[in-house]
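Accompanying notes for the structure given below.
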Amino acid sequence: MATHKSAEKRARQAVRRNAVNTRIESTVRTLEKKVREAIKASDKSLAGELLKDFMSKAQKAGNKGVVHYKSVSRKISRLSQQLQSLTK
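The working numbering puts the first residue of the sequence shown at 29, with every later residue one more than the last.
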């Protein structure tokens with residue numbers, strides 16, 4: 029266990045930060061699944077709205093370092109391509 033006051037505080041902060049990051053990751057994953065389901069169902073308007081929400085939340089998570097920013101970019105790119113292919 030921590031022997032210094034600052035180390036104890038760091039441990040408390042890490043626990044809190046872990047809980048927040050887990051919640052953010054879960055939200056991003058859930059939104060991604062919803063977008064994929066809407067695309068699979070060929071519901072372009074719903075998929076567009078969900079993609080917009082997903083992009084916002086995922087980019088915030090990427091900027092905070094919760095999720096790697098390049099994986100966020102890749103997912104946004106692929107989902108956008110899939111959404112665009114619905115119109116063709």
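For every residue, glycine included, the Cβ atom is placed at its ideal position computed from N, Cα and C.
Delimiting residues of the alpha helix (DSSP H) encompassing A86 = 72–92
Look at the Cβ atom of L114, then the Cβ atom of V63, and state whether they are nearer than 7 angstroms.
-> no
For V48, does the count of other Cβ atoms within 10 angstroms reach 16, so buried, or fall short, so exposed?
-> exposed
Beta-carbon proximity list for K72, same chain, < 6 angstroms, skipping 5 on both sides = L114
Can you list, in chain order, the residues of its chain whose CB lies under 6 angstroms from that of A39, leaving out five sequence neighbours each side?
-> A30
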